[in-house]
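According to our numbering, the sequence shown is numbered sequentially starting from 312. Here a beta-carbon is modelled for each residue, glycine too, at the ideal position from N, C-alpha and C. Small disclaimer: the values here were computed from a predicted structure and weren't measured.
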Amino acid sequence: MHLQLGKISTIVISTPQAAKEVLKVQDIAFNNRPELLSVKILCYNYSDIAFAPYGNYWRQMRKLCTFELLSAKNVQSFASIREEEAFNLVEYVKSKSGYTINLTEKMYALTNAVICSAAFGKRRKDGSAYFMSLIKEASLMVTGLDISEVFPSLKFLHAITGTKAKLMKLHKKLDMIIEEHKEKLQLVSMKKDGEEESIRKEDLVNLLYLRLQESDTLELPFTADNIKASSHI
């Protein structure tokens, strides 16, 4: 089915045969996502793995995520975090016996706590709600339909609708969180130089910064912006 969304020509795949052709047979031809202002700003010029153009950089990021960030060993190392948060949820449900609770909200909060603890370590646990609220806002901005995106040639619409200003403000808030974590990491490393290796591998963002120092061994340069974009995974 063909849809004309403003100036964007869109094809809706609605049969298993067509889906196989697009997602498997012609996968490379359809690999790239559309270029959106929201993604460009929030993902540091398409530096994250979800929206990066298909190519050497994307393959390098996929390898980094698969074999380091989300390796079986790394995932297992965060088992205690998952168990702790699951235990807290069960205890909360028990304490509310006989009362109505919003389990969907609590499951979402549990997921947020686990993600933030794994990404930033327990030091950021208290600020997990704020960080995840920003991530939720960013997701809405990226997935929502904005009039300026369906008329890409009319760039002034970004200013008229206020979309660009909102994106820049949100980007700044997310960037500040990563920078704050980076500064804390540097301070801890200076105080405990002998434990630097274990400190840096304490959470996923620390591991990414460790890879930044080893970027000369990578096929393509790995920058601080790549880390910030990847931390939103």
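Item                                                                                                                                                                              : Value
Taking the alpha carbon of His492 as the point to measure from, which residue in Ser408, Val516 and Ser450 has its own alpha carbon closest?                                      : Val516
With Thr321 as the anchor, note down where its beta strand (DSSP E) starts and where it stops.                                                                                    : Ile319 to Ile322
Over the uninterrupted alpha helix (DSSP H) stretch that includes Gln387, give me the two end residues.                                                                           : Ala383 to Ser388
Could you tell me whether the Cβ atoms of Cys354 and Ala540 are closer together than 8 angstroms?                                                                                 : yes
Excluding the five sequence neighbours on either side, which residues of its own chain have a C-beta within less than 6 angstroms of the C-beta of Ser320, listed in chain order? : none
Assuming Leu316 is part of the beta strand (DSSP E), what are its boundary residues?                                                                                              : His313 to Leu316
Specify the secondary structure class of Gln371 as computed by DSSP and reduced to three states.                                                                                  : helix
Quick one: what does DSSP say Arg267 is sitting in, helix, strand or coil?                                                                                                        : No answer is possible for residue 267: the residues shown for the chain start at 312 and end at 544.
Pop quiz: Ser481 and Met443 are said to be a contact at Cβ under 8 angstroms. What is the actual Cβ separation, rounded to whole angstroms?                                       : It should be noted that the sequence gives Leu, not Ser, for residue 481. Leu481 to Met443, Cβ: 13 angstroms. No contact.
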